[in-house]
Each structure stands twice: as structure tokens, then as C-alpha cells.
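Sequence order for the protein chains is Z and V. For the first sequence, the working numbering begins at -9 and goes up steadily by one. For the second sequence, the working numbering begins at 1238 and goes up steadily by one. Where a beta carbon is used, it is the ideal one built from N, C-alpha and C, also for glycine. Quick notes on the structure that follows.
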Amino acid sequence: MDLQLSDQHVMFRDELRAWLKANMGRPWREELRDPKATEDSMIELRRSWQRKLYEAGYLGMHWPAEWGGRGTTEVEKSIFEAELSRADAPPILNVLGIGLLGPALIHHGSEAQRRRFIPPMLSGEEIWCQGFSEPGAGSDLAALRTSAVVDGDHFVLNGQKIWTTFGPWADWIFVLARTDSKDRYGGISFILVKLDTPGITVRRLRQITGESEFGEVFFEDARVPRENLVGQIGEGWRIAMTVLAFERGATSLAAAERYGRDLGLLARTCKEIGRESGAVREKLGRLLVENEVLRANGLRMLANLADGKVPGPESSIEKIFWSEFDKRFRETALDILGPGGQLVRTSAEARLDVDWSREFLWSRAGTIYSGSSEVQRNIISKRVLNLPQEGR
Amino acid sequence: MKFELSEDQALLQSSTRDFLSSELPLEKSRTVMEHNADGYESAEWRRLAEMGYIGLTLPAAAGGQDLGAIELAIVLEEMGRVCVPGPFLDAILAASFLAAAGKQDALLADVVSGKSLVTIARQDSPFSGNHLEPTRFESGRVLGTKYFVPFATRTDALLVTTRQGVVLVRAPYDIVPLQTIDLAQRFGKVTFDHQGALIGGPELLERVDLLAAVGASAMMLGLMSRALEVTLEYVQTRQAFKRPIGAFQALQHRLADMLLKTESTRSAVYRAAWCLDTGDPDTALACATAKAYAGDASRYVCGEAVQMHGGIGFTWELDLHFYFKRAKTLEQFYGSTETQLEKALAAAGY
């Protein structure tokens, strides 16, 4: 057992820290509370920040060299994410493109697709959104009904996608569409669609935060060239499952950095406002302990990656842990702060160190998206605990 | 970086498991716990000493093996799995104090060899409050009463914490046995008006406390790992409504949470042990984290194990109650959750 970063990884981390110091603008929380900030201006800020990271060679680092790779592994990627989180850097805009579509293209795409789509995806010139969920297909994703019918050298798409993150700003969407209505899993294909294609309408959905980071996408006889099919017809489900496994990589370290910073600020506020009773101290202590367990889980995952172990279904444990903790943390923060914690960012008297009310609302999303806590528990009981399945 | 145990550590783990399953299986320990008022058998204690377990983390000069907190955690996790009764952790903590104080070398060697037993007498009240007068050391004499002194009836000497420092007192002393719900652990109330020797300041207890936190958490990790395994076997065999009860999602999701808590405890315990061994700046925070989290997690996991067994889970006959009780006792001793939360907050500068 050895939880010390190797010299090589320490060097990578220190270089990155120095680079961030020299190249990062204001911390993200300061950008967010700028009175001139709008959702659109924040998107543009994130786009230019992503470009800087791309030019410095930090995106797609662990991919093959011709696609931005520099011979690093998942370990550097995890360190990269933890350090960005520690520095409170703006979140990477094209996170769905880089996190999901990139690996899908590298493993299942054609050479022409990789050449066409990967560079602008990394640089932030083209923003991607993910067309998986539908009104009738969320946790039960294979129930999706959006259809793609072959017509000559095109697919004709009809249907609706929903909860589409970055939909309102994206240029492209990767869609899971049904090419065979009789084959539940084998009848699904993975198709790349330009959002300005005639027949496509994108609508903003207003989230409980008041923001519209996600939207819905309607397809009415939208014609998409056949060359935009990734893999073969009917391979969509398999491809989606591999990319979702990428989405569930080592995230605990980055999460622990972010929560740890906010927790430190909460503790400072408690001292300032005289909230130091035993009841408050116990709450703070429990949050601190849970966040340190999150960090320990992250270090364990990082060490396993460094040791050449591929994360399996145990990444479901990580997902449940950080997302459920996020909810408890933000709720408790509001309890401790009292009514002032509920003030929205733009209100008089709102605290400016952490946007507590927004974090409180956002925390409700983490246990729903990317496989709800319930789905994760199903995965654990089936694939880790090997329990018999209900009703079978 | 590597989370997995090294080859030597894995060997220690498997040889300890083998040793315990042949020498200290639960069916044997159960008889000892139920019938031996002292809580453990001398012959078994000598075997543990012969095998080098008592000296595991102690200096070679004292006959120990000079190994680290990771190795201690490995052994204690295994002991937790089979609910080994006795003063194993208590003896190691007292011996660590003696080793750090650098006095009483002969006594230290006797503890390592299993000839003598020394434990630490800390608690000045039967409850957590500080309503009673703390023990004091005046003109060479220890005056006061200590509660929950581990395995007091079997000790040859005690390390007694006083306002003036830690004082070594040799038996005999007046002992009133105290019995908690946990039969793997025996305690005594000891009243002192005795000659003693001041052998160290309270600062020497700091490292002992870190080791105590890691050790107790490792034992809780063993308890919950085994309780979860036993429960997983049970829910796959026990039938209700014509199917194994493990097919019901109402249990599956809770079993998933039990795994989450067990594995998260594992991450926290071994990180703390690693920090302690490497002198990492996060040691104090990591040790407090491990103990506070393991306390909650093991109570939860062992409690859920009892619940999922139904009526049989509430019987004396099934072994699970030993795990459930031991988890509760360990949660409150070796630095209670409340104490660990304070330590964590202090370590983080909150």
C-alpha cells in the first residue's frame, strides 16, 4: 500500500499548478457573482477558458497522440480535475463532448469522424450535447422511441429528447435513436446530428435554479447524412454503455477539493457570525469527516488507476457517495447559516464567498443525472453483490 | 501509488486469518465470552504473544516486530471479523506508551512476551461528563477513581492519567468489575490511593490516541465486513413469498448502502494508517475521520444485518449480536465520535 503520488505525477501536478497560477483569471465563484454576468456571457467565458486549456495541451491528454494525447493516463486526468477544482477554475464547457463523445469516437468512430469532430470539440469551437433521455425514457433508457429511418444516404429522425444539458448552446448533439422497433437493445443506433438541421427545434427548459442549462430537442423529419452514424446500425446501446462507464470515472478527489473549499469558507463564516454552539460544531464536524472519507475514496481510486486497475461497477459507490453527500452538505450549510443562506446571489445581504442558495438547489440534480442513486444501487446489488433479480 | 496490500502485508493478512480460524474461531470465543469472567484465556494470550502479534508495532529492542499502523490495521481487521475477545489493542496501546516514554523497559518486554498485562486507565467518570474530580498525583501517590479500565482484573500494572501526567501503578488495587453489553471487552472501576511513578507527560498520549483510533476503526471494519458477508449469504438462502428475500429491492438498496459504508470505511482506515506510518501532515485529520466514520458505519451495517435476519437476528444463539454490541462499544471507546469530531475540526483549523 502506497498513497504517495509518484515523482512523475508530482511533477505533473506542480507544473499544472504553476500553469494555472499564470493563466487562470478570477476564480469561478467570483465570475458567477459578477453583477454583469449572464448565462450567455458565462458560456463564452467557459469557451475561451477551454481554448486556453486545449492550447496548453491539457485536454484529451490520455487519448492517442494524434487526438491530443500526450502519453498520460487516467491518473493525470484525475489529478488535472482535482487541481482545477482546487483552483476553482471555470468548469470545462464541452464536458459532454470530451467526456462521452470523444471516447466513443476513439473506440467506435471512423477515421473521418475522428478527424472531423475531435479537434473542434477539444478547442471548444463546437459544443456538444447528449441526446439520450426522452420524456418516456430516463432511468429505463432502452425504452427510447426517437426513430431514425434510413432513406437513401440519409437517416430521417423523428421524436423528442429531453433534459439535454447545454442543448440551448450546443452546435451538435449525439443521439441514441431507434432503428429497429422490435429489438430493445439491438435496435438502437448512435448518430451525430447538427442542431441547425431543418426539422430540429431546441427549446430551453427552466430549471429549479432559474437557469436554463438544459433544454429539449424536437426532431420532425430531420434528415441526417448516413456518414454521421457511429459504429454500425444497431450498435448504439453497446457504444452508449461504454461511454457511460467513462462518465463514471474517478471524480471523488475533485469533488472533495470543491466541497472542502466551501466547507472551509462555511467554517470561517461560522466564526464571523458567532455560530459556534455545540450543535453547530457537531454538524460541521460530521460534514468535514464525510468529506475526508470522500477524499480517501478518491485517493483509493487514484491509487488503483495508477496500479493499472480499471474501475468497474464500484464507481457506482463513488457516484452515490459524492452526490448524496453534496445534498446533505448544502442542506446543512443552509441550516447553519439561517435565513441568510437562502438569499439569492443578486439579493441585498447575500454572502459573496459561496452562492449557498444556488448550491443547495443544484445539489438536487447530482443524484438524478448520469444514473440516479436508485439506478446506481441497482448496479451495485446486481454486479457487485450478485443478488438475484426481483421477479425473475 | 497502490491501494492494494504489498506481498508481505497480504501474507500477514492471510496467515492471521488462518491462525485465527484455527486458534480463535468464534464458536470457541463465544464460550470464553460467556463463561470466563476475565474475558479471555491465558493460553490463547500466550499463543498470540508467541506468534509475535502483541509486539507487532513495538520496537525490536523490546522483542517487537517494529511494523507499522497498516500492519496493525490488517491484524485488527481480521480480529474484528471473528470478534476476538481480549485486551489485544489495549495492551498494544499501553506498550506503545511505555516504548515512547523510554522507561520501564523490563515491563515493556514482559507485555510483548505476554507475561504481563498493562492497560491505560483514562476515564474519570462512568459517563461522558466531567462532573467528578479528576485523578491526581500528589507526593508520589495516585488518588482518585478510574472507570472503564480495560481488563483491570488481569492487569499487572496500569498507566493512570492524572492532571500531573501519566503514572505507572503496580497491582494490586481495588477493582469493581464493570460489564457493558460487549462481552469481548471487560472493564473495571479502580480506586487508587497508591504509590506510583510518573513516567510521561500527556503529550505522549497523542500518538497512542492516533494508533487507538486507527486500531479501533480497523476492528470495526472487520466487524462490518463479516456482518455484511453473513447477511448476503442469508438473504440468498432465506425464502419468502417463493423467492430469496435478497431478490427484493427493499433489501437490495440497503445492502448496496451497507457495501458503500463498508468500503468507504476501508478507504478511510487504510488511508489513516498510511498517514500515520509516513508522518503525513493530514495524519490527525485522517485518524479522526476514520474513527468517527467507522463508528457510525459499523453501527449501521451491524444493525441492518440484525434487521435483515428477522427474528433469528434477535436471538442469543446467532453470532450477530456479538458484532452489533462490539460495534457500539468500539464506537464509544478509543476516542468517542464526539471526541473525534472535535479533533477533526481542530486538525482542519475550523
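For residue 51 (chain Z), the nearest beta carbon of chain V is not closer than 9 Å to its own beta carbon. For a Cβ distance threshold of 9 Å, nothing in chain V lies close to residue -2 (chain Z): the least Cβ distance comes to about 11 Å. Interface annotation, residue 1456 (chain V): not in contact with chain Z, CB-CB separation never under 9 Å. Inter-residue distance for residue 192 (chain Z) and residue 147 (chain Z) is about 14 Å (C-alpha atoms, whole angstroms). Excluding the 5 residues flanking it on each side, residue 1532 (chain V) has same chain C-beta neighbours closer than 6 Å at 1568, 1574, in chain order. Here residue 1483 (chain V) is buried: its Cβ has 16 or more other Cβ atoms, across all protein chains shown, within 10 Å. Listed in chain order, the alpha helix (DSSP H) runs fully inside the segment 292 to 375 of chain Z are 305 to 327, 346 to 356, 363 to 369, counting runs of at least 4 residues. Proximity of chain V to residue 279 (chain Z) at the Cβ level (cut-off 8 Å) is accounted for by 1525, 1526, 1529, 1530, 1577, 1578, 1581, in chain order.
By the rule that beta-carbons nearer than 9 Å mark a contact, residue 1480 (chain V) touches chain Z. For secondary structure counted as the beta strand (DSSP E) over 3 or more consecutive residues, the segment 105 to 135 of chain Z holds these complete runs in sequence order: 118 to 121.
Between the alpha carbons of residue 186 (chain Z) and residue 157 (chain Z) lies a gap of roughly 12 Å. Along the segment 5 to 28 of chain Z, none of the residues has a CB nearer than 9 Å to a CB of chain V. Taking a Cβ-Cβ threshold of 7 Å, none of the residues of chain V is close to residue 204 (chain Z); the smallest such distance is about 27 Å. For residue 1473 (chain V), the closest Cβ of chain Z is nearer than 9 Å. The way I'd put it, the segment 1341 to 1358 of chain V does touch the segment 1393 to 1410 of chain V; three or more beta-carbon pairs between them come closer than 8 Å. The contact set of residue 370 (chain Z) on chain V, defined by CB atoms closer than 7 Å, consists of 1493, 1496 in chain order. Contact between the segment 286 to 303 of chain Z and the segment 330 to 347 of chain Z is absent, with fewer than three C-beta pairs closer than 8 Å. For residue -6 (chain Z), the C-beta contacts it makes with chain V under 9 Å involve 1238, 1511, 1515, 1517, in order along the chain. Among the CB atoms of chain Z, one or more fall inside 9 Å of the CB of residue 1587 (chain V). For residue 378 (chain Z), the closest Cβ of chain V is nearer than 9 Å. For residue 1560 (chain V), the uninterrupted alpha helix (DSSP H) run begins and ends at 1557 to 1569, by DSSP.
Rounded to the nearest angstrom, the gap between the Cα atoms of residue 224 (chain Z) and residue 1529 (chain V) is 50 Å. As the crow flies, the alpha-carbon of residue 1306 (chain V) is around 22 Å from that of residue 1396 (chain V). 287, 288, 289, 290, 291, 292, 293, 294, 295, 296, 297, 299, 304, 306, 307, 310: these are the residues of the segment 287 to 310 of chain Z whose beta carbon lies less than 9 Å from some beta carbon of chain V, given in chain order. Taking a cut-off of 8 Å on C-beta distances, the segment 272 to 286 of chain Z touches the segment 313 to 330 of chain Z, as three or more cross pairs fall below it. Of the other Cβ atoms in all chains shown, 16 or more fall within 10 Å of the Cβ of residue 84 (chain Z); this residue is therefore buried.
Here the alpha carbons of residue -7 (chain Z) and residue 242 (chain Z) stand approximately 15 Å from one another. Around the beta carbon of residue 326 (chain Z), a 10 Å sphere encloses 16 or more other beta carbons of the protein chains shown; the residue is thus reported as buried. Around the C-beta of residue 1470 (chain V), fewer than 16 other C-beta atoms lie within 10 Å, and the residue is accordingly described as exposed. Contact note: residue 1251 (chain V) does not reach chain Z at a C-beta cutoff of 9 Å; the least C-beta distance is about 15 Å.
Below 8 Å, enough C-beta pairs join the segment 212 to 226 of chain Z and the segment 173 to 180 of chain Z to call them touching: three or more. Fewer than three Cβ pairs drawn from the segment 1415 to 1430 of chain V and the segment 1456 to 1473 of chain V lie within less than 8 Å of each other, which leaves the two stretches out of contact. Rounded to whole angstroms, the Cβ separation of residue 190 (chain Z) and residue 159 (chain Z) is 15 Å, and the two are not in contact under 8 Å. Beta-bridge pairing by DSSP links residue 1384 (chain V) to V:1360. The Cβ of residue 260 (chain Z) sits closer than 9 Å to at least one Cβ of chain V.
Residue 272 (chain Z) is bridged by DSSP to nothing; it lacks a bridge partner.
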